[in-house]
Amino acid sequence: MKAGRFETIDGGSLIKIPAGSQLFALPDRRPVGFDRRANCFTTLPDAQAVAAFAAPGHTLTHSVSFVEHGSPKPLPLFSYGAAAFYKGNIYVAAIKVDTDKRHDSTLIDISRVRKNIKLFGKLFPGNRLISHLAQCATVYGCPNAQNFFLSRYEAPLPVSPLCNASCAGCISYQAGKIGCSQPRIKFVPKPDEVAGIALYHIAKAKDPIVSFGQGCEGEPLLQAKLIEESIKLIRSKTHRGIINLNTNGSKPEVVSRLFDAGLNTIRVSLNSAREDYYLKYYRPRGYSFKDVMKSIACAKSRGGFVSINYLTLPGFTDLRSEVAALERLIAKRGIDMIQWRNLNYDPVLYFKLLGIQPPDMSEFAGIAEEMVYLRRRFPKLRMGYFNPKKIACA
Numbered sequence: 003m004k005a006g007r008f009e010t011i012d013g014g015s016l017i018k019i020p021a022g023s024q025l026f027a028l029p030d031r032r033p034v035g036f037d038r039r040a041n042c043f044t045t046l047p048d049a050q051a052v053a054a055f056a057a058p059g060h061t062l063t064h065s066v067s068f069v070e071h072g073s074p075k076p077l078p079l080f081s082y083g084a085a086a087f088y089k090g091n092i093y094v095a096a097i098k099v100d101t102d103k104r105h106d107s108t109l110i111d112i113s114r115v116r117k118n119i120k121l122f123g124k125l126f127p128g129n130r131l132i133s134h135l136a137q138c139a140t141v142y143g144c145p146n147a148q149n150f151f152l153s154r155y156e157a158p159l160p161v162s163p164l165c166n167a168s169c170a171g172c173i174s175y176q177a178g179k180i181g182c183s184q185p186r187i188k189f190v191p192k193p194d195e196v197a198g199i200a201l202y203h204i205a206k207a208k209d210p211i212v213s214f215g216q217g218c219e220g221e222p223l224l225q226a227k228l229i230e231e232s233i234k235l236i237r238s239k240t241h242r243g244i245i246n247l248n249t250n251g252s253k254p255e256v257v258s259r260l261f262d263a264g265l266n267t268i269r270v271s272l273n274s275a276r277e278d279y280y281l282k283y284y285r286p287r288g289y290s291f292k293d294v295m296k297s298i299a300c301a302k303s304r305g306g307f308v309s310i311n312y313l314t315l316p317g318f319t320d321l322r323s324e325v326a327a328l329e330r331l332i333a334k335r336g337i338d339m340i341q342w343r344n345l346n347y348d349p350v351l352y353f354k355l356l357g358i359q360p361p362d363m364s365e366f367a368g369i370a371e372e373m374v375y376l377r378r379r380f381p382k383l384r385m386g387y388f389n390p391k392k393i394a395c396a
């Protein structure tokens, strides 16, 4: 399904469901299949739709096909890929966009994580971030928090309890009916707490990354002074590793200051390269789409590496009009990388939120085809799923 439209796909559009993926049954939603004998799509009245949540590193190309019945509640904040069963195997309509294993749940030794939580508590007595990240790692299953306690890959540096957006798909705060996956951090750490764990991780990990802006916090740019002081403390001790900021890009003047202090990379979150659809999803308070674009420009002017956290949903992201807007954005702003992250949102409600009527099938370029086109159009553009371990313009 794309934007409420149904289509058939061939076997070449499916991959065996990757390790670490999950299957979801969708209450009050009946699956739609294609009846070859009648040559039409049909609803299965006595069945329940099943969707695939693809493991990190994979981007969905089609949503699960279903029709709602009764009084369905909004689906929780996950992505819902088209799934198929064939000769004993489950398949999903997805593309592998990143080979990095940092979020592979099968490679995370949770017993070692728990053991190291106790060790880190002794190494950093009184550091409140240790207990906060311990909860993220063990209760909410955050891969970045787990990797922090394993001294590898990317370590999270949450700092902000507040946010200046009201994203429809926020995983840490929802005022409406859609459930959240984890609560926000409830305190603002001190610079020495942040720098302490960052320096430890940088010293221990191979190709280390430390990142402000996590799912367990609001917008990090609201803690500008804290982040700036933390970065200066880190860079006064080492120039090793990448310091990254995941952000909504709402404060360009702060972005400039942070790069001057020693920030290396920035990942700006977008659901669309078009202002009207951006505003409907992010619902910003006190900043504009122009501020977001200016933040990207500020990062580039400071020699920073800029990624777009591109929240991808089949039927919208691959609309030809959206592809054209993204192409213009990449060309104008000099974007270094697109991270094709699946949008975790009910695939029916999303189009209602954006006010989009089901388009004609000819309007869909295709997710895979879009990626191929952008690679040809921008040979230096990096594509993936995770923040890069190595960059060319740090």
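First residue of the sequence shown: 3, per the numbering used here; consecutive thereafter.
Note that CB positions come from ideal geometry on N, CA and C, so glycine has one too.
Here the alpha carbons of residue 118 and residue 151 stand approximately 6 Å from one another.
When secondary structure is reduced to three states using DSSP, residue 225 falls in the helix class. Within its own chain, the residues whose Cβ lies closer than 8 Å to the Cβ of residue 33, once the five positions on either side in sequence are excluded, are 45, 46, 49, 50, 51, 52, 66, 67, 68, listed in chain order. Taking a 10 Å sphere around the C-beta of residue 274, we find 16 or more other C-beta atoms and assign the residue as buried. When the Cα atoms are used, residue 10 and residue 382 turn out to be separated by approximately 33 Å. In the DSSP assignment, residue 198 falls within the unbroken alpha helix (DSSP H) covering 193-206. Pairing residue 186 with residue 145 gives a Cβ-Cβ distance that is not under 9 Å.
Distances from the alpha-carbon of residue 154 to those of 288, 110, 317, 128 put 110 closest.
Of the residues 392, 319, 387, the one whose Cα lies closest to the Cα of residue 4 is 319. Between the beta-carbon of residue 162 and that of residue 79 there is about 20 Å, and that puts the pair past the 8 Å contact cut.
Leaving aside the five residues that flank residue 360 on each side, the residues in its chain whose CB is nearer than 8 Å to its CB run, in chain order, 5, 6, 7, 353. If you draw a straight line from the Cα of residue 143 to the Cα of residue 54, it is about 19 Å long.
By the Cβ criterion, the region 319-332 is in contact with the region 360-379, since at least three pairs of Cβ atoms, one from each stretch, lie closer than 8 Å. Nearest to residue 19 by C-alpha distance, out of 94, 12, 60, 127, is 94.
In the DSSP assignment, residue 262 falls within the alpha helix (DSSP H) that extends over 254-263. By the Cβ rule, the region 343-352 does not count as touching the region 292-302, because fewer than three pairs are nearer than 8 Å. The DSSP-derived three-state label of residue 293 is helix. In the DSSP assignment, residue 154 forms no beta bridge with any residue. If you check the CB distance, residue 156 and residue 229 do not come in under 9 Å. Taking a cut-off of 8 Å on C-beta distances, the region 70-79 does not touch the region 115-133, as fewer than three cross pairs fall below it. Annotation for residue 140: no beta strand (DSSP E) segment contains it, though the alpha helix (DSSP H) segment containing it runs 130-140.
Closest by C-alpha distance to residue 227, out of 304, 191, 216, 240, is 191. Straight-line measurement puts the Cα of residue 272 at about 15 Å from the Cα of residue 385. The three-state secondary structure of residue 148, taken from DSSP, is helix.
At the C-beta level, residue 174 and residue 286 stay beyond 9 Å of one another. Secondary-structure assignment with DSSP links residue 8 through no beta bridge to anything.
Around residue 27, the same chain offers 50, 52 as residues with beta carbons nearer than 7 Å, after the five sequence neighbours per side are excluded.
Secondary structure of residue 375 (DSSP, three-state): helix. Inter-segment contact for the region 213-220 and the region 124-144 is present: three or more beta-carbon pairs are separated by less than 8 Å.
Of the residues 102, 25, 291, 56, the one whose Cα lies closest to the Cα of residue 166 is 291.
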